[in-house]
Amino acid sequence: MAETKEEPRIGVFICHCGTNIAGSLSIEEVKNYAETLDGVVVADEYQYMCSTPGQTKIIDAIKEHNLNGVVVAACSPRLHEPTFRTATEEGGLNKFRFEMANIREQNAWVHMHDWEGATIKAKDTVRMAVAKCRMLEDLQPKSVPVEHAALVLGAGVGGMQAALDLASAGIKTYLVEKLPTVGGRMSQLDKTFPTLDCSQCILTPKMVDVGRHPNIELRTYTEVEKVEGYIGNFTVTLRKKARGVLDPIEAEALGYVGGGCNGCGDCSEVCPVIKPNPFEMGMAPRKAIYIYHPQVMPLLYTIDFDSCVKCGLCVDACGPEKKAIDLDAVDTFEEIKVGTCILAIGYDYIPIEEKREWGYKQFDNVITGLEFERLICASGPTTGHLIRPSDGQTPKKVGFVLCAGSRDNTGGVNKPYCSRFCCMYCLKHAHQIMEKIPGAIPYLFYMDIRAFGKMYEEFYYRVQNEGAKFIRGRVANILEDPTTKNLTIYAEDTLLGRPVAMEMDMVVLAAAVQPKADAEKIRQMFGVSKSQDGWLLEAHPKLNPCGTTTAGIYLAGCCQGPKDVPDTVAQAEGAASAASIPIHSGEVQLEPYFAQCNDELCAGCGMCINLCPYGALDLIEKNGRTVMEVTEAKCKGCGTCGGFCPGGAITMQHFTSPQICAQIDAFLLKGEDY
Amino acid sequence: MTDEKWKPKIIAIICNWCSYAGADLAGGARIQYPPDVRAIRVMCSGRVDPLFIMKAFQDGADGMLISGCHFGDCHYLEGNYKCAKRMFLVKTLLKNIGLDDRRLRMTFVSASEGAKWGEVMEDVVKTVTELGPSPIKKYER
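Taken in sequence, the protein lines are chains A and B.
Number 490 in our numbering belongs to position 487 of the first sequence; there are no gaps in the numbering.
Number 162 in our numbering belongs to position 5 of the second sequence; there are no gaps in the numbering.
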């Protein structure tokens, strides 16, 4: 085993963390015990080791006792390792001469009623940390330059805001959207609560801005194919799906000067294929060559090659000057290099039809909240006239089922979490019904009205005063009268404590939201974890809500959890700010947990080469022998190679085999009771 | 030896990104579990050399837990697969030297699964306690 050249001189510092730690185990005993350990020259304790006086204790002790190693027994290294590393450095030591013993998250907090067990565990943990600390070596972090560009995935309101912020901060930003247009869910909405701003009116300026910002490279109808690299140096492969329509720049590149799609729509007029328009929730038709709605950005038609019959009528209609249509278009690939990435991939609705008792897709007049948005929207399929899908009549009594699948632990499509914006959009819908249809009454079946935001509660009062009826209780089932197509809602009024049955002309389900179907694929490509409910996991729920555990990847909007528009925009601005920091600082420091090869031990077998997921290892000829060589810039320090090397030739810096074996030995062979 | 006060000695080698974070989350949520497991943090479960496991059992460990990310979630793409593959080998080795292979366990606990970490801890301690002290330790003594 490799011995450190110098005699170990270690200081152990134990944190009370108020009563967080001191309330569950004996700090005094641990401190006295630490003093007896081999190599420990000083042990100390303090109320809050992370405070300035606490850190000063460490810095002073390093100088006073000429320490060459520091152990702090406190919280998780995932929390305060950087703090104490800095203190170690300020004391004049290399910051990697520091080791942390986690006696809070994985001890005091989980053994609150076992004083003795927790104390023994803390002693063991300290002993193991000291054992590793004895063997720590000086390491130098590696500094790498950061690509002066960013990627934003998803061009909903969150993604657009993040891209605009990054671009305005002088960063070249690739804004990648899966659909043919930017805008996302918000462009489907009619009004926004509680101000009743027209959603499109406040969104389209942003859509136009992202289209013409000089620093934004807009990539619509494009998906991410592959992600490689690390913070500062991501290489992302984009798949530009075959659109079949050339934009003016592409057309010019092919020599059709003045050609390309200008959005005239002549092609769509002649197209014989009719399909439901998903933007209108299938309630309006579109052609095989289509735009979602008049405000699309970019204003470019798109061919749906799944339904296109390649009749060529559109090519003729487009004419020989524009030559915008290419029926033989294929997917193309583009490789971009970016320093940081923001994921803003949004959300989906649960398949609410699987809740058979509510009759969605069985009964014509049961619709979802998003379908209501399109029906009430002036630019929607009915030009803003709310009608019953069954007979085109104007509904007078409209039932709203809130928490349709949200806050429901019964499994299936149901979700245990609150979808957060349904209460407010149902209040808005109620207001719109009463505004547009004289004498119409909305009935809201709710569990709680969560009007949590600025001016939201006030809006709730307003809707109450306007005459909306609120029934506190969950809807059990909905039945349809086959002749009138009216619906009867069966529920329990929990305030009156009795069952109710009410006949409605129409029912709107406030369906729960869930992560996007492709969120799983995307998060695995970018190396982002997920929460228990499938939403993308932030680095810290309170203190790092935009970051992820993968450096250089940030989150914005509903992909991290359900959010309304203001929260999405706020998080997007936060994510943009966070993502711009490494880019503006120009370089990032990587932790030097690299693999190192000991040429004398390496037999050149090459087993490690196949194990490395990053292609960081190569076999080279050196002094007449075949040995492995590590490319540090590619090595991320997982240690998979080191865990396998049959000759023990690979050293994983800071997690060396001798260090880990020393921890094992320290626990099992050097305990008090052995 | 197997008196009531006997407590197993169990080592857990767990990855920084998922299981260690999950264990921290269990702490934040104050999920209570038995204090018999000592964790060693590595960056990835792929780092786990079979040597570490044999070393621990040679030293007299009663049980051993390796915990990483769920398949597909590995921070380093596939270290957990490679670790899991090695576990089959090591379990066979353990059986060959006469150790019950239930003393070695591999689990997959994500950063959001604090409650699951608590369950794993309960279960590992229970399993190893039922198996009793490692025969290797007995032999050495």
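No residue lacks a Cβ here, since even glycine has one placed at the ideal position from N, Cα and C.
Query: Can you tell me the Cα-Cα spacing of D258/B and G500/A, whole angstroms?; Result: 57 Å
Query: May I ask you to report which of helix, strand or coil DSSP gives F228/B?; Result: coil
Query: In angstroms, rounded to a whole number, what distance separates the CA positions of D411/A and Q563/A?; Result: 20 Å
Query: For the segment 595-619 of chain A, enumerate the residues whose C-beta is nearer than 9 Å to any C-beta of chain B, in chain order.; Result: Y596, L614, P616, Y617
Query: Alpha carbon to alpha carbon, how far is R262/B from I171/B?; Result: 12 Å
Query: Beta strand (DSSP E) containing T629/A: first to last residue?; Result: 628-633
Query: Determine the extent of the beta strand (DSSP E) in which N480/A is found, giving its start and end residues.; Result: 478-483
Query: Mapping the DSSP letters down to three states, classify T22/A as helix, strand or coil.; Result: coil
Query: Apart from the five residues on each side of it in sequence, which residues of its chain come closer than 8 Å, Cβ to Cβ, to E279/B?; Result: Y190, P191
Query: Against A90/A, what residues of chain B qualify as contacts under a CB-to-CB distance less than 9 Å, listed in chain order?; Result: Here the premise fails: no neighbours, minimum Cβ distance about 20 Å.
Query: With 7 Å as the limit, tell me which residues of the segment 255-282 of chain B have their beta carbon closer than that to any beta carbon of chain A; keep them in chain order.; Result: S267, A268, S269, E270
Query: Could you tell me if G560/A is buried or exposed, where buried requires 16 or more neighbouring beta carbons within 10 angstroms of its beta carbon?; Result: buried
Query: Based on the DSSP output, what are the partners of Y233/A in its beta bridges?; Result: N236/A
Query: For E235/B, which residues in chain A fall below 7 Å Cβ to Cβ?; Result: P616
Query: How would you write the range of the beta strand (DSSP E) that S146/A sits in, first residue to last?; Result: 145-148
Query: Between which two residues does the beta strand (DSSP E) containing I584/A stretch?; Result: No beta strand (DSSP E) contains I584/A, which is instead part of the alpha helix (DSSP H) from 568-588.
Query: Please list the partners that P192/B has in chain A, where partner means a Cβ-to-Cβ separation under 8 Å.; Result: N110, V113, H114, D117, G120, A121, I123, K124
Query: Looking at D329/A and G232/A, is the spacing between their C-beta atoms short of 8 Å?; Result: no
Query: Looking at the unbroken beta strand (DSSP E) that takes in Q656/A, where does it start and where does it end?; Result: No beta strand (DSSP E) contains Q656/A, which DSSP labels as neither H nor E.
Query: Does DSSP classify V318/A as helix, strand or coil?; Result: helix
Query: Does DSSP classify H543/A as helix, strand or coil?; Result: strand
Query: Find the residues of chain A that neighbour M200/B, judging by a C-beta separation of less than 7 Å, and give them in chain order.; Result: Y596, G640, C641, G642, F658
Query: Since P565/A and S422/A are thought to touch, with beta carbons under 8 Å apart, how far apart are those beta carbons, to the nearest angstrom?; Result: 5 Å
Query: Count Cβ pairs between the segment 459-474 of chain A and the segment 417-437 of chain A that sit closer than 8 Å; are there 3 or more?; Result: yes
Query: Since G555/A contacts C344/A with CB under 8 Å, what's their CB separation in whole angstroms?; Result: 7 Å
Query: Skipping 5 residues on each side, what residues in its chain have a beta carbon closer than 8 Å to that of I294/A?; Result: P183, T184, G266, G268, S271, L302, L303, Y304, T305
Query: Using the beta-carbon of each residue, which ones in chain B are nearer than 8 Å to P80/A?; Result: R198
Query: Nearest to T286/B by alpha carbon, out of T249/B, D219/B, E270/B?; Result: D219/B
Query: Can you name, in chain order, every residue of its own chain whose Cβ lies under 7 Å from the Cβ of A241/B, other than the five neighbours on each side?; Result: M263
Query: Return the CA-CA distance between M4/A and G57/A, expressed in angstroms with no decimal places.; Result: Low confidence applies here, because M4/A scores a pLDDT of 42, under 50, leaving its location unreliable; read the following figure in that light. Between M4/A and G57/A, the C-alpha separation is close to 34 Å.
Query: Between which two residues does the alpha helix (DSSP H) carrying M103/A extend?; Result: It is not in any alpha helix (DSSP H) - M103/A instead sits in the beta strand (DSSP E) that spans 101-105.
Query: Please report whether the beta-carbon of K162/B lies at a distance below 8 Å from any beta-carbon of chain A.; Result: no
Query: How long is the line joining the alpha carbons of R198/B and N173/B, rounded to whole angstroms?; Result: 6 Å
Query: From what residue to what residue does the alpha helix (DSSP H) around E272/A run?; Result: 269-273
Query: What is the DSSP secondary structure of A64/A, reduced to helix, strand or coil?; Result: helix
Query: My guess is that F336/A and E228/A are in contact by the Cβ rule of under 8 Å, so how many angstroms apart are they, rounded?; Result: 7 Å
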